[in-house]
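Visitor:
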Amino acid sequence: MKPKKSVLNFLILILIFLTACDTNQPSESLITPPEFKNVAVHDPSIIEVDESFYIIGSHLQAAKSEDLLKWDLISKSVKENSFFEDIQAEFKEEFEYAQTDTFWASDIIQLKDGRYYMYYCLCRGDSPLAVLGVAIAENIEGPYKKEESFLYSGTSPQFGEVYDATKHPNVIDPHVFYDNSGKLWMVYGSYSGGIYILEMDDTTGLPLDRQSYGKKLMGGNHSRIEGPYIIYNPTTEYYYLFVSFGGLDSTGGYNMRVSRSKNPDGPYEDIEKQSMEKVKGGFNTFFDDVSIAPYGNKIMGNFTYEQNNGMTHEGYVSAGHNSVYYDEITGQYYLIFHTRFPNRGENYGVRVHQLYFTDDGWPIVNPLRYSGEENENISKKQVKGFYNVLATTKEITESISEPSLVEFKSNGKIKGDYDGEWQFKEKGESSYITIEDTKYKGKFVESWDETQERIVLTFTGVSETGLPIFIIETDHNKEE
Numbered sequence: 003m004k005p006k007k008s009v010l011n012f013l014i015l016i017l018i019f020l021t022a023c024d025t026n027q028p029s030e031s032l033i034t035p036p037e038f039k040n041v042a043v044h045d046p047s048i049i050e051v052d053e054s055f056y057i058i059g060s061h062l063q064a065a066k067s068e069d070l071l072k073w074d075l076i077s078k079s080v081k082e083n084s085f086f087e088d089i090q091a092e093f094k095e096e097f098e099y100a101q102t103d104t105f106w107a108s109d110i111i112q113l114k115d116g117r118y119y120m121y122y123c124l125c126r127g128d129s130p131l132a133v134l135g136v137a138i139a140e141n142i143e144g145p146y147k148k149e150e151s152f153l154y155s156g157t158s159p160q161f162g163e164v165y166d167a168t169k170h171p172n173v174i175d176p177h178v179f180y181d182n183s184g185k186l187w188m189v190y191g192s193y194s195g196g197i198y199i200l201e202m203d204d205t206t207g208l209p210l211d212r213q214s215y216g217k218k219l220m221g222g223n224h225s226r227i228e229g230p231y232i233i234y235n236p237t238t239e240y241y242y243l244f245v246s247f248g249g250l251d252s253t254g255g256y257n258m259r260v261s262r263s264k265n266p267d268g269p270y271e272d273i274e275k276q277s278m279e280k281v282k283g284g285f286n287t288f289f290d291d292v293s294i295a296p297y298g299n300k301i302m303g304n305f306t307y308e309q310n311n312g313m314t315h316e317g318y319v320s321a322g323h324n325s326v327y328y329d330e331i332t333g334q335y336y337l338i339f340h341t342r343f344p345n346r347g348e349n350y351g352v353r354v355h356q357l358y359f360t361d362d363g364w365p366i367v368n369p370l371r372y373s374g375e376e377n378e379n380i381s382k383k384q385v386k387g388f389y390n391v392l393a394t395t396k397e398i399t400e401s402i403s404e405p406s407l408v409e410f411k412s413n414g415k416i417k418g419d420y421d422g423e424w425q426f427k428e429k430g431e432s433s434y435i436t437i438e439d440t441k442y443k444g445k446f447v448e449s450w451d452e453t454q455e456r457i458v459l460t461f462t463g464v465s466e467t468g469l470p471i472f473i474i475e476t477d478h479n480k481e482e
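Numbering-wise (our numbering), the sequence shown opens with residue 3 and increments by one.
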């Protein structure tokens, strides 16, 4: 299903851009910006139902949208939720076990029987004391009825073993999905013993193996890895495992990573062919970010769209815990995540960006939020001009990348704060940017820039070591 209204608006915007002038300068007075309506949902997991998009997150926060641009909150919190008729009574035992008064990240899927299955979790937060289960409804918006809480962590024994938080999972952050052959799976886990996957029974919504946590995919020794989400790409024939590394608060260095596998239950590898099964903190450590940082393709880290003078909010801090929506009709992918913002503390909001794949099958993200743009052809003559470059490292850090100014010359050279080269390829092939001897494979895309309030050309790419780069056209040349 395509977000039709937003696409139409964007096409009209492009048409105005092209017909209003015969130069590269648009008539700013004729351009109507896309309309956004922001919402705060932490850990958003997306589902599309009857041409509407729903996201559900922690604390039973949930929102609805018709176009992925404008969101309306439909559930505020556990106390003010719209999903359960008497949540305190229905989950009395779960609240007591997990020693909490709230839900953490949830996920909803429609199974083959047509009903909606909400996979919920409750967790104490400062320990792996948690419970995970499923509730069922006839309607996406409820009411849901608890079916069963089927996984517990943090106490012993579990499945006949003494619970060990260095190797056993914290049973939160579920994502349930069908694989390409029609089998149902649940991937889950956060910190503690790592990320696990279980094959599920799609007639009951419960695990097939009731005597195990399942198979470990990555993590351990309390390494900060959470929010797993798996999606299959029918073109590349790979499964992609998205996770978030680091701490979710504004100083925690939260960032999204991805790896891939030919099988839903792994093993998963990154672009350097490093096995994600090796990712874990050092022995007898706690939150060992240094050990895990080299693994996984980094999707996005902290950055500002403009120089950070201590006042700007334009950019993302600790963006993560994403989900992905795939439009089977158009073949387009969308990355949905929450983020904090520069100089705004712990305030957070939902953002949606288009997701693309390089010609060798690695996901890359549009540097600018989704505004209704389509994957149109870009011509080589459009590339010449001034750009802001946002580069990063694989470190898990609270530092925020700021833009560097470069000029793309018509002869394929890059000059400015960085030196390098650019090579444009036609649709279907990846273009290349080389900055300071690091080569990035990716694509050029036109998008609406909220900061500059105009359509700009962008480049997004990934290096051979799994580092992302965002390059955004700037009007610097107009000021000279």
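Note that CB positions come from ideal geometry on N, CA and C, so glycine has one too. Keep in mind the model is a prediction, meaning the values are calculated, not measured.
1. Taking a contact to mean a Cβ-Cβ separation below 7 Å, would you say residue 199 touches residue 185 in this structure?
2. Residue 445: buried (16+ other C-beta within 10 angstroms of its C-beta) or exposed?
3. Contact check, residue 328 vs residue 232 under 8 Å by CB: the rounded distance?
4. Are three or more beta carbon pairs between the stretch 388–406 and the stretch 424–431 nearer than 8 Å?
5. Output yes or no for whether 7 Å exceeds the beta carbon distance between residue 317 and residue 225.
6. In the DSSP assignment, find the unbroken alpha helix (DSSP H) run with residue 150 in it and report its ends.
7. Could you compute how far the alpha carbon of residue 262 sits from the alpha carbon of residue 293?
8. By DSSP, does residue 429 sit in helix, in strand, or in coil?
9. Let's see if you can read the secondary structure: which residues bound the alpha helix (DSSP H) around residue 461?
10. Please determine, among 43, 212, 91, 98, the residue with the shortest C-alpha to C-alpha distance to residue 78.
11. State whether the stretch 136–153 contacts the stretch 103–122, with contact taken as three or more CB pairs (one from each stretch) at a distance under 8 Å.
12. In its own chain, which residues sit with a C-beta less than 7 Å from the C-beta of residue 14, not counting the 5 before and 5 after it?
13. Under a Cβ-count criterion, where at least 16 other Cβ atoms within 10 Å of its own Cβ denotes burial, should residue 197 be classed as buried or exposed?
14. Thinking residue 365 and residue 402 are a contact (beta carbons under 8 Å), I'd like their distance in whole angstroms, please.
15. Assuming residue 2 and residue 336 make a contact with CB atoms under 8 Å, what is their CB distance in whole Å?
16. In the DSSP output, which residue or residues are listed as bridge partners for residue 356?
17. Secondary structure at residue 62, three-state DSSP: helix, strand or coil?
18. Can you have a look at residue 471 and say buried or exposed, based on whether 16 or more other CB atoms are within 10 angstroms of its CB?
19. Report yes or no: do the stretch 383–392 and the stretch 75–90 share at least 3 C-beta pairs separated by less than 8 Å?
20. Figure out for me which residue from 207, 46, 66, 179 has the closest Cα to the Cα of residue 135.
21. Pull up the distance between the alpha-carbon of residue 176 and that of residue 221, whole angstroms please.
22. Any idea if residue 299 is buried or exposed, counting beta-carbon neighbours within 10 angstroms, 16 or more meaning buried?
23. Taking the alpha-carbon of residue 266 as reference, which of 240, 259, 142 has the nearest alpha-carbon?
24. Please specify which runs of the beta strand (DSSP E), each continuous and at least 3 residues long, are wholly inside the stretch 381–427, giving them in chain order.
25. Relative to the C-alpha of residue 51, which residue among 40, 59, 67 is closest?
Guide: Taking the coordinates as given:
1. Not a contact, by the Cβ cut-off of 7 Å.
2. buried
3. With 8 Å as the limit, residue 328 and residue 232 do not qualify as a contact, their Cβ atoms being about 12 Å apart.
4. no
5. No, the Cβ-Cβ distance between residue 317 and residue 225 is not below 7 Å.
6. Where residue 150 is concerned, there is no enclosing alpha helix (DSSP H), although the beta strand (DSSP E) it sits in stretches over 147–155.
7. 20 Å
8. coil
9. Residue 461 -> not in any alpha helix (DSSP H); beta strand (DSSP E) instead, spanning 456–465.
10. 43
11. yes
12. Here residue 14 scores only 43 on pLDDT, less than 50, and its place in the model should not be relied on; the value that follows carries that caveat. Nothing meets the Cβ criterion.
13. buried
14. About 23 Å; that fails the 8 Å criterion.
15. The structure shown does not extend to residue 2, since the chain is modelled only from 3 to 482, so the question has no answer here.
16. 336
17. helix
18. buried
19. no
20. 207
21. 16 Å
22. buried
23. 240
24. The qualifying runs are 387–393, 406–410, 415–418, 422–425.
25. Residue nearest to residue 51 within the set 40, 59, 67 is 67 (criterion: CA-CA distance).
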